[in-house]
Amino acid sequence: MKKIARALISTYDKTDLLEIATALTQRRVEILSTGGTAQHLRKEGIDIVDVSDYTGFPEMLDGRVKTLHPKIHAGLLAERDNVEHNAQAEAHGIGPIDMVICNLYPFEATVAKPDVTLPEAIENIDIGGPTMIRAASKNYRHVAVLTNPSQYPQIIADLDANDGCLSEERRFELAKAAFAHTAQYDTAIAAYLAGMDSQPEDEFADNLTLHFKKERTLRYGENPHQRAAFYRTETRPGPSAAWANQLSGQPLSFNNLLDLDAALEIVKDFATPACG
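Following this line, the structure appears as structure tokens:
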């Protein structure tokens, strides 16, 4: 079990952030924060330390450089059971950071806008966030990293049950989710930039990377002896069977989903309303 003593919070999506920050404050966890996140938490009455005060170095370049500092990343990457790491950190006045709560600029939502420009898309490429997430994930034996508000309730429950500590098993689960999160993020960036290339319409992309999230396990596949699961993209591409709301009845089977998709695609072939 690892007790959480210092946490760094820097998020774009502030859903339920007050709940996790309050839970940490109640356990006397020191909270470091940046920019808009720091303002948000202070407004809600949470005591925080600005990262710029902690590092002794100001935010700069219109906020592009906030957490990219050795005092942050050494605090995340230092192995607590490594004597040399501890000695080097102490020599430079660097303390450990036990938890990172971070989610990223909304790149996918930005490039989904029909009128988005390349400069706007580039400005929504997060740099400091993925760097912190990867550093914390690499050192999961000592650091917990939360990348989605859906994780907060479980972590709060763990802290309640374990006197402010998190197990290594839980930190490993969080690290796996974090690496999946940054992989999806980089995939979206690479796909968007690749789409900027001018090429003949019949040319195929040199690289094709797709990201889908498991929605649920299906009762069976095309045939009863086959296993199947239902995956979908995390952004809504338009009218899609994958994003349809089921109003009643049993969970849809593999074949039900195929039929639903076929019916929807037929309807989409009509440019104007049609009737029988």
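Residue numbering for the sequence shown follows my numbering, starting at 1 and increasing by one per position. Ideal Cβ positions, reconstructed from N, Cα and C, are used throughout, including at glycine.
A Cβ-Cβ separation of about 5 angstroms places V145 in contact with V100 under the 8 angstroms criterion.
Judged by beta-carbon spacing, S137 lies within the 7 angstroms limit of F179, meaning their Cβ atoms are closer than that value. In the DSSP annotation of this structure, V267 is not part of any beta strand (DSSP E); the continuous alpha helix (DSSP H) holding it starts and ends at 254-268. Under the three-pair Cβ rule at 8 angstroms, the stretch 102-112 counts as touching the stretch 121-132. When P224, L257, Y192 are compared, the shortest CA-CA separation from E120 is found for Y192. Here V29 carries a coil assignment [DSSP, helix/strand/coil]. S10 carries a strand assignment under DSSP once its states are collapsed to helix, strand and coil. For I101, the enclosing beta strand (DSSP E) starts and ends at 99-102. With a threshold of 16 other beta carbon atoms within 10 Å, E19 falls short and is exposed. Counted as a single uninterrupted DSSP element, the stretch harbouring K43 is not any beta strand (DSSP E) but the alpha helix (DSSP H) occupying residues 35-43. Around the CB of E108, 16 or more other CB atoms lie within 10 Å, so the residue is classed as buried. Taking the C-beta atoms as reference points, Y231 is found nearer than 7 angstroms to F212. When secondary structure is reduced to three states using DSSP, D163 falls in the coil class, being assigned neither helix nor strand.
Per DSSP, the continuous beta strand (DSSP E) segment holding L146 begins and ends at 144-146. Within its own chain, the residues whose Cβ lies closer than 6 angstroms to the Cβ of T209, once the five positions on either side in sequence are excluded, are T187, listed in chain order.
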